[in-house]
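In my numbering, the protein residues as written are -18 to 423. What follows is a single structure, written as structure tokens, with notes after it.
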Amino acid sequence: MKRYHVTTFGCQMNAHDSERIKGLLEDLGLGEAASQDDADVLVFNTCTIREKPDTRLAAYLGNAKVLKERDPSRIVAVGGCYAEAQRERIFDRYPFVDVAFGPGSIAHLQDWVGAGGHGLPRGRFGTGETRAFAAELPQHRERSTQAWVQVSMGCNSVCSYCIVPKVRGREVSRRPGEILAEVERLARDGVKEVTLLGQNVNSWGRDLLPDVRTEFGELLRAVDAVEGIERIRFTSPHPKDFRAPVIEAMAACASVCEHAHLPVQSGSSRVLKRMRRTYSRERYLSLVSRLREAIPDLALTTDIIVGFPGETEADFDQTLSLVEEVRFDGAFTFIYSPRAGTEAASMPDQVPDEVRGERLERLVHAVQRIAAERQAERIGRVEEVLVEGRSRTDAALLRGRTRRNTTVNFNGAGAVGELVPVRVEAATSTTLRGTQLAAVAA
Ligand code: 5AD
Ligand code: SF4
């Protein structure tokens, strides 16, 4: 049996797409290899959001080149956002690559490999003009009780630093009937938790008008009504599209988890304007207040960029003060990375490397201190935990996540997929430790 190996970079949408890539290779009769070295088909599902993933990819492809030299019958495939940004140039840059495709043309890989692989001409990118939802391809699910559900592809925002609209195209929403049919299928398969995915997940539905009159809050309610689905998450929402019906649905639906990942990017209104985020610091803070009023005990996480072109010390102080004011439960922090073809890449006042690095360090420090304080507040409480498996650090413990999306390592006897009550006994800035409460006899 021929075997494949998929290496995934980047976001959860890519993790979702990789499950589809695996599914369609399995449809062709290939099995999964434990490592790249054992694989006949090597797939790289790439990311281009910052320079770092690009660099990491180059190292991985260096290894693929060596493997291919050793056995030229190996197929090297490159998909995802970096591939889409480079298109045919992939073959110039990495001449040993056999097939390349973007996030909207994953099926091209199946057609290419299915038709005999090496018999085919190389150097043409993707399938053609049409973009297709990866969600409609076969799937190899990595997790038995949790699943990603793609609700839209592409993004209509014009954030000046971001390459995503260029590589993933304009936003297209999946029809509600198709999304619900998938969620129902997953529930029948024993899935307890779904994460609705979109580049701008909460603007879902707008492009379906006037054909279908709906919005993201309504979708949350419809998914909540599916029997067997105990937890609903969604990522990533844009603050500008976080309207009242979505907040109301979050508060009303028992399955929607008490967590919002709400990328702020900067605490300075002046920088936000240059980023074209279309909200100010004040509007973001007012959204945070409305969310916290509607959903008691809400966990809030965010994404922050430091060193955006023209960011002054005073702007950066505004970011630090916003972090102190909101008190996020966690944050992904990034150094601004110029991406060719974006508006910000050609702004004249790029911030020097050492300033960007030093600001990141200060920001991470504040984020971690506050996250540790927020997690410590959970000590003594009982949290509902979805059991995911054995702890990665201590095999005697189980691992799971709370509704607020924190990983918990705990003493207990729950089965994978079970929801169990766990008393929290200790905390770090990113994880909790605890003990499962004994079942109370009825
Ligand atoms: N440089 C640094 N960070 C970026 N992000 C997006 N584009 C860039 C860039 N050019 C970050 C944003 C986004 C997250 C997925 O990646 O914070 O929310
Ligand atoms: Fe990376 Fe963005 Fe593509 Fe996700 S959508 S893989 S974060 S570039």
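Quick reminder that beta carbons are idealized off the backbone N, C-alpha and C, glycines included.
Tell me which same chain residues have a C-beta within less than 7 Å of the C-beta of residue i, skipping the five on either side of it?
i, result
"valine -13", "Ser(-1), Ile2, Lys3, Val24 and Asn26"
"glutamine 299", "Gly248, Ser249 and Arg262"
"alanine 168", "Val207, Glu208, Gly209 and Ile210"
What's the gap between the Cα of residue i and the Cα of residue j?
i, j, result
"serine 372", "glutamate 163", "30 Å"
"aspartate 35", "phenylalanine -10", "9 Å"
"valine 94", "proline 220", "41 Å"
"arginine 343", "alanine 233", "38 Å"
"glycine 10", "glycine 395", "35 Å"
"phenylalanine 315", "glycine 97", "42 Å"
"histidine 89", "leucine 6", "11 Å"
"arginine 37", "arginine 31", "11 Å"
"alanine 45", "proline 319", "27 Å"
"phenylalanine 223", "valine 130", "20 Å"
"leucine 178", "aspartate 334", "33 Å"
"arginine 156", "methionine 134", "12 Å"
"asparagine -5", "glutamate 406", "35 Å"
"threonine 282", "aspartate 192", "34 Å"
"arginine 384", "valine 345", "24 Å"
"valine 403", "glycine 361", "10 Å"
"aspartate 425", "arginine 51", "For residue 425 there is no data in the structure shown, the boundaries of the chain being -18 and 423."
"leucine 379", "phenylalanine 391", "5 Å"
With distances taken from CA atoms, which of the options is nearest residue i?
i, options, result
"arginine 214", "Pro333, Leu243, Arg155 and Met256", "Leu243"
"arginine 257", "Ser138, Leu400 and Asp18", "Ser138"
"glutamate 196", "Ser184, Val269, Ser141 and Glu306", "Ser184"
"aspartate 330", "Gly322, Tyr317 and Glu339", "Tyr317"
"alanine 353", "Pro76, Leu413 and Glu365", "Leu413"
"proline 146", "Asn181, Val172, Pro157 and Gln120", "Asn181"
"cysteine -8", "Val401, Val287, Ser217 and Ser86", "Ser217"
"arginine 337", "Arg355, Ala357, Phe297 and Ile351", "Phe297"
"tyrosine 41", "Pro53, Glu65 and Phe77", "Phe77"
"threonine 176", "Met328, Ala321, Asn386 and Glu208", "Asn386"
"serine 236", "Asp205, Glu306, Glu229 and Lys254", "Asp205"
"glycine 393", "Thr411, Glu406, Thr374 and Gly415", "Gly415"
"aspartate 21", "Lys49, Leu301 and Gln417", "Lys49"
"glycine 171", "Ala312, Leu190, Gln356 and Val397", "Val397"
"glutamine 356", "Ser410, Asp18 and Glu399", "Ser410"
"arginine 166", "Ala128, Leu201 and Glu199", "Ala128"
"tyrosine 63", "His121, Arg74, Cys28 and Ile228", "Cys28"
Give every residue of the same chain whose Cβ lies closer than 8 Å to the Cβ of residue i, excluding the five residues on either side of it in the sequence, and list them in chain order.
i, result
"glycine 12", "Met(-18), Lys(-17), Arg(-16) and Tyr(-15)"
"arginine 382", "Val366, Leu367, Glu369, Thr388 and Val389"
"alanine 113", "Gly85, Ser86, Ile87 and Ala88"
For the alpha helix (DSSP H) that residue i lies in, which residues bound it at each end?
i, result
"valine 368", "First-last for valine 368: 363 to 371, but that is the beta strand (DSSP E), not the alpha helix (DSSP H)."
"glutamine 299", "294 to 307"
"threonine 36", "32 to 51"
"proline 240", "A quick correction: the sequence has histidine, not proline, at residue 240. Premise fails: histidine 240 lies in the beta strand (DSSP E), 240 to 242, not in any alpha helix (DSSP H)."
"glycine 95", "88 to 95"
"arginine 271", "262 to 275"
Near residue i, which residues of its chain fall below 6 Å by C-beta distance, leaving aside the five closest residues on each side in sequence?
i, result
"arginine 273", "Leu279"
"asparagine 58", "It should be noted that the sequence gives alanine, not asparagine, for residue 58. Hits under 6 Å: Val24, Val80 and Leu90."
"alanine 115", "Asp(-2), Arg1 and Ile87"
For a test of the three-state rule: what should DSSP assign to residue i, helix, strand or coil?
i, result
"glycine 209", "coil"
"isoleucine 2", "helix"
"tyrosine 75", "coil"
"serine 154", "strand"
"glutamate 65", "helix"
"valine 484", "This structure cannot settle anything about residue 484, because the visible part of the chain is limited to -18 through 423."
"asparagine 183", "helix"
"asparagine 386", "coil"
"histidine 424", "The requested residue 424 does not occur in the structure, where the chain is confined to residues -18 to 423."
"proline 290", "coil"
"methionine 256", "coil"
"alanine 423", "Reliability fails at alanine 423, whose pLDDT of 48 lies under 50, so the model's placement of it is uncertain and the value that follows must be treated cautiously. Coil, per DSSP."
Would you give the residue range spanned by the beta strand (DSSP E) that residue i belongs to?
i, result
"alanine 407", "400 to 408"
"arginine -16", "-16 to -11"
"arginine 224", "Unbroken run through arginine 224: none, as it is neither H nor E."
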